[in-house]
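To keep things clear, I will list the structure first and then write my remarks on it.
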């Protein structure tokens, strides 16, 4: 009678399951890193949009007549419903106005604000 030796090559079911678990854990970590990167990019996008909205309002104010510069209540920005803009005008001296433009938006961490300040004189 001829007896053949069992072949010991190949993987067992336990080894295969261990490899699947390790690859799954690695994939979960990579997906979490990817999603955090996307959320960080969204925060940067909101900061860029708010900066552009504030600069746009500053340019409109700089190009207007001194006497027509006045406060604006906090209100949604046209075409950007997730952003609100507020203009605060004070007169620290005669013939000088301090204009503060505040832009507000909401992220997961709460309400965010960016402020720009400029001065306009009546000369």
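Residue numbers (the numbering used here): 1050 to 1172.
Even glycine gets a Cβ: it sits at the ideal position worked out from N, Cα and C.
Residue(s) in a DSSP beta bridge with residue i
| i | result |
| --- | --- |
| residue 1156 | 1159 |
| residue 1168 | 1147 |
| residue 1125 | 1133 |
| residue 1142 | 1145 |
Cβ neighbour criterion (16 or more within 10 Å) applied to residue i
| i | result |
| --- | --- |
| residue 1119 | exposed |
| residue 1066 | exposed |
| residue 1106 | buried |
| residue 1073 | exposed |
| residue 1174 | Absent from the model: residue 1174. The displayed extent of the chain is 1050 to 1172, so no value can be given. |
| residue 1051 | exposed |
| residue 1063 | exposed |
| residue 1102 | buried |
| residue 1172 | exposed |
Spatial neighbours of residue i in its chain, beta-carbon cut-off 7 Å, leaving aside the 5 residues before and after
| i | result |
| --- | --- |
| residue 1141 | 1147 |
| residue 1100 | 1163 |
Close beta carbons around residue i, own chain, < 8 Å, minus the five adjacent residues each side
| i | result |
| --- | --- |
| residue 1083 | none |
| residue 1145 | 1168, 1169, 1170 and 1171 |
| residue 1110 | 1118, 1136, 1148, 1150, 1167 and 1169 |
Proximal residues to residue i (C-beta, below 6 Å), its chain only, five neighbours per side dropped
| i | result |
| --- | --- |
| residue 1125 | 1133 |
| residue 1161 | 1154 |
| residue 1139 | 1147 |
Any contact between the stretch 1120-1135 and the stretch 1147-1160? By contact I mean 3 or more CB pairs, one from each, below 8 Å. yes
For the 8 Å Cβ check, are there 3 or more pairs between the stretch 1158-1168 and the stretch 1114-1127? The stretch 1158-1168, when compared against the stretch 1114-1127, does not touch it at the 8 Å Cβ threshold.
Uninterrupted beta strand (DSSP E) stretches inside the stretch 1062-1119 (no shorter than 3 residues): none
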